[in-house]
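Inspection log for the structure reproduced underneath, given as structure tokens.
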Amino acid sequence: GNGGHIHYHLADPLTGENLFLDEEDPRGLGLSQFTYQFIGGIFAHAPALCSLMSPTVNCYKRLQVEPGITFTDFDFLWTPANIAYGDNNRTQMIRTPGPGHLEDRSMSSAANPYLALSAYVMAGLDGVRRNLDPGEPNLGNLYSLSPDEIRLRGIRLLPQTLDESLAELKQDEVVQESLGVIYEEFVALKEAELREFRRQVTPWEIERYLTLF
696 GNGGHIHYHL
706 ADPLTGENLF
716 LDEEDPRGLG
726 LSQFTYQFIG
736 GIFAHAPALC
746 SLMSPTVNCY
756 KRLQVEPGIT
766 FTDFDFLWTP
776 ANIAYGDNNR
786 TQMIRTPGPG
796 HLEDRSMSSA
806 ANPYLALSAY
816 VMAGLDGVRR
826 NLDPGEPNLG
836 NLYSLSPDEI
846 RLRGIRLLPQ
856 TLDESLAELK
866 QDEVVQESLG
876 VIYEEFVALK
886 EAELREFRRQ
896 VTPWEIERYL
906 TLF
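When you line the sequence shown up against the working numbering, it's residues 696 to 908, in that order.
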């Protein structure tokens, strides 16, 4: 479950102008209206994107929110289990390190960057086309809030398993389109991987159950 965070902005191909930058941003993050629409698209498709950005069973160990996983003996994992954006705080899925600059912390290093990033850009541009808005930024540490407080803010949870994210992919035409002709093969491969995983007996199961039953 290693992270593969992406830092990015989009630029005008002719002038090189940073299209994400707006020093007069009324929300105070230094982001343009184009950027907020782009984030809105990412959020609309985030559950399906997760199947490409976290494409293995093991990836989802880092996206869990239960005590003992998010909170560990070595402090926080600093992973974004919630679909949220905000200021320069590492508990957000999309962090704003500075004006005109985004970091998405949900991507795993196990992702195929070509598949994941092409889907990511298509999802963001879908938000621009549809004029989506992600709402007000969440400022500060999301780990300091209870799950109920987070849900009251309207913040959704990222898929917690590969099964969940594949189910979302099957309902998301934009992310499917990004995969093109390999969409069905990708789903078949991941479903085969899940079947193989379910047949495995792990050391944890042996240690926990062998002497009980």
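All C-beta atoms, glycine included, are put in the ideal place defined by N, C-alpha and C.
Endpoints, the beta strand (DSSP E) within which residue i is located
i	result
proline 898	No beta strand (DSSP E) contains proline 898, which is instead part of the alpha helix (DSSP H) from 898–904.
Nonlocal neighbours in the same chain, by C-beta distance under 6 Å from residue i, ignoring five residues either side
i	result
threonine 856	Tyr755
arginine 851	Ile778
glutamate 931	Because the chain spans 696 through 908 in this model, residue 931 falls outside it and cannot be assessed.
asparagine 713	His704, Ala706, Gly795
Beta-carbon contacts of residue i that lie in its chain and below 8 Å, excluding the five residues immediately before and after
i	result
aspartate 828	Tyr731, Gln732, Gly735
aspartate 768	Only weak support is given to the placement of aspartate 768: the predicted model assigns it a pLDDT of 47, under 50, and the value that follows is read from those uncertain coordinates. Taken in chain order, the list of residues that qualify is empty.
asparagine 697	Arg757, Ser803, Ser804, Ala805
Spatial neighbours of residue i in its chain, beta-carbon cut-off 7 Å, leaving aside the 5 residues before and after
i	result
tyrosine 703	Leu797
Per-residue burial, residue i [other beta carbons within 10 Å of its own, 16 or more giving buried]
i	result
proline 854	buried
alanine 776	buried
asparagine 826	exposed
glutamine 728	exposed
phenylalanine 811	Note that residue 811 is alanine in the sequence shown, not phenylalanine. When all chains shown are included, alanine 811 counts as buried.
First and last residue of the uninterrupted alpha helix (DSSP H) at residue i
i	result
leucine 747	728–748
isoleucine 850	Looking at the DSSP string, isoleucine 850 is not in any alpha helix (DSSP H), and its letter there is neither H nor E.
tyrosine 878	878–893
glutamate 872	868–874
arginine 824	808–824
leucine 861	857–864
Per DSSP, the bridge partner or partners of residue i
i	result
aspartate 799	Ile701, Ile789
alanine 776	Bridge partners of alanine 776: none, in fact.
leucine 716	Leu726
alanine 706	Asn713
glycine 781	Asn833
Check your understanding: Would you say the segment 813–827 touches the segment 720–735, given that touching needs at least three Cβ pairs under 8 Å?
Key -> Three or more Cβ pairs drawn from the segment 813–827 and the segment 720–735 lie within less than 8 Å of each other, which places the two stretches in contact.
Check your understanding: Just checking, does the segment 863–878 make contact with the segment 742–750 on the three C-beta pairs under 8 Å criterion?
Key -> Output reads yes: the segment 742–750 touches the segment 863–878.
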